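Participant:
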Amino acid sequence: MNAIKILSLSLFLTGAAINTQAKTEYVTSVFGEYPAKTVCIKHPAADNVNAYFSEATVISFEIFKIGDKAAFITSLQSNADVESVTEGALTGDFQMITITMKTAQNKAWFAALLKKAGSRDIRINHMELKSLDEL
Numbered sequence: 003m004n005a006i007k008i009l010s011l012s013l014f015l016t017g018a019a020i021n022t023q024a025k026t027e028y029v030t031s032v033f034g035e036y037p038a039k040t041v042c043i044k045h046p047a048a049d050n051v052n053a054y055f056s057e058a059t060v061i062s063f064e065i066f067k068i069g070d071k072a073a074f075i076t077s078l079q080s081n082a083d084v085e086s087v088t089e090g091a092l093t094g095d096f097q098m099i100t101i102t103m104k105t106a107q108n109k110a111w112f113a114a115l116l117k118k119a120g121s122r123d124i125r126i127n128h129m130e131l132k133s134l135d136e137l
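Using the working numbering, you'd call the opening residue of the sequence shown number 3 and step up by one each time.
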């Protein structure tokens, strides 16, 4: 009788372990990819988009699959309100870029600057991917 209980318990625990592992593998294997030239901003203050863009004079972001990096950076530098553009590290498909502005601007200005450089989409922190027109 004890052997049957032990066997039943071991089969139950094995089934539970397999079920848990299967669920974990399913959840961790769900990945999405951004469209090319998507801007990704990772900054805690950026959760309040209006305040962030109207107060910050230095904005760091990553571009997914930037394409022609030199043309993108040249386009950003050509704006009269931009003091400097610094190229950061390339991590996988993400190119880090830092823009220093002469004075703080607003989100519409930033969206127009990025659209002129060739970007179409933006993702800020944990928020959904949006078109720059929706920013």
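The C-beta atom is built at its ideal place from N, Cα and C for all residues, glycine as well. Since this is a predicted model, take the numbers as computed values, not measurements.
Could you tell me whether the Cβ atoms of I75 and E89 are closer together than 8 angstroms?
Facilitator: Their beta carbons are under 8 angstroms apart, which means I75 touches E89 by this criterion.
Participant: Using alpha carbons as the reference points, say which of R125, S77, I68 and G94 lies closest to S86.
Facilitator: Nearest option by C-alpha distance: S77.
Participant: On the three-state DSSP scale, how would you describe T102?
Facilitator: The answer is strand: DSSP assigns T102 an E or B state.
Participant: Which of the three DSSP states is assigned to K71 in this structure?
Facilitator: In this structure, K71 counts as helix in the three-state DSSP scheme.
Participant: Quick one, which of K109, N81, F63 and R122 has its alpha-carbon nearest T93's?
Facilitator: It is F63 whose Cα lies nearest to the Cα of T93.
Participant: Nearest to L116 by CA position, among N50, K71, L131 and V41, is which residue?
Facilitator: Checked all of N50, K71, L131 and V41; the closest Cα to L116 is V41.
Participant: Hey, V51 and L137: beta-carbon distance below 8 angstroms or not?
Facilitator: Yes; because the gap between Cβ atoms is below 8 angstroms, this pair is in contact.
Participant: Measure the alpha-carbon distance for N81 versus I65 and round it to whole angstroms.
Facilitator: If I take the Cα positions, the gap works out to 19 angstroms.
Participant: Pick from R125, A58, D95 and A72: whose alpha carbon is nearest that of W111?
Facilitator: Selected option, being the one with the closest Cα: A58.
Participant: Tell me the rounded alpha-carbon separation between S56 and A106.
Facilitator: Taking the straight line from one Cα to the other gives about 6 angstroms.
Participant: Any idea what DSSP makes of T59, helix, strand or coil?
Facilitator: Coil.
Participant: Which residue wins for smallest C-alpha separation from K109, given the options E35, I124 and P37?
Facilitator: Of the candidates E35, I124 and P37, the one whose C-alpha sits nearest the C-alpha of K109 is I124.
Participant: So, using beta-carbon positions, are E97 and K118 closer together than 8 angstroms?
Facilitator: The question names Glu, yet the displayed sequence has Gln at residue 97. Against a cut-off of 8 angstroms, the Cβ pair of K118 and Q97 comes out as no contact.
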